[in-house]
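What follows is one structure encoded as structure tokens, with my remarks underneath.
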Amino acid sequence: MSWERPLMTDSGGFQIFSLGSGKEHGVGKIAPIFPQEKDRSIGPFSSKKEKPLVRVDEDGVEFISYLDGSRHRATPEQVIQIERKLGADIILVLDECTSPLHDYSYTKEAMERTHRWGIRAFA
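Take the sequence shown: its position 60, counted from the start at 1, is 60 in full-length UniProt numbering, and no numbers get skipped.
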């Protein structure tokens with residue numbers, strides 16, 4: 001990359017959320033928290049719900065490209081391998097960001113899966 005400074009990479013977990021449960025539930029991760037922000041459009045909750053383009057399972061993530069409809073698969077190990085090839089100094093493991101509409105049980109399940117992915121990715 002010709003970048004001689006510290007490099008931090010992310011796993012794509014937020015993109016998984018955006019293409020998956022974010023679309024399905026019609027929500028974003030950013031919502032206004034101050035009264036004066038109510039009218040600002042910064043990606044808060046939406047009433048439009050769409051079919052998710054992502055399927056998350058124990059092995060990783062399968063997603064459909066919103067550009068051409070092609071299918072792709074990513075595992076925690078592959079994500080770390082890509083981040084290492086980029087020469088990252090700080091690497092984040094593949095994680096599943098949950099929707100604010102997911103219940104406690106699913107959120108806990110996703111957190112535990114993320115922890116298992118981390119153990120696998122760095123084994």
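Beta carbons: idealized from backbone N, C-alpha and C, even for Gly.
| Check | Outcome |
| --- | --- |
| Supposed close pair residue 133, residue 76 - CB separation, criterion 8 Å | The question about residue 133 has no answer here: the residues shown for the chain are numbered 1 through 123. |
| Contact between the stretch 51–60 and the stretch 1–9 (3+ Cβ pairs under 8 Å) | no |
| Burial state of residue 20 (16 or more Cβ within 10 Å) | buried |
| Option in 27, 26, 78, 103 with minimal Cα separation from residue 91 | 78 |
| Separation of residue 118 from residue 105, as counted between CA atoms | 20 Å |
| Euclidean distance between Cα positions of residue 114 and residue 95 | 5 Å |
| Environment of residue 52 [buried if 16+ CB atoms lie within 10 Å] | buried |
| When 87, 15, 2, 123 are compared against residue 66, the one with the closest alpha-carbon | 15 |
| Supposed close pair residue 27, residue 101 - CB separation, criterion 8 Å | 6 Å |
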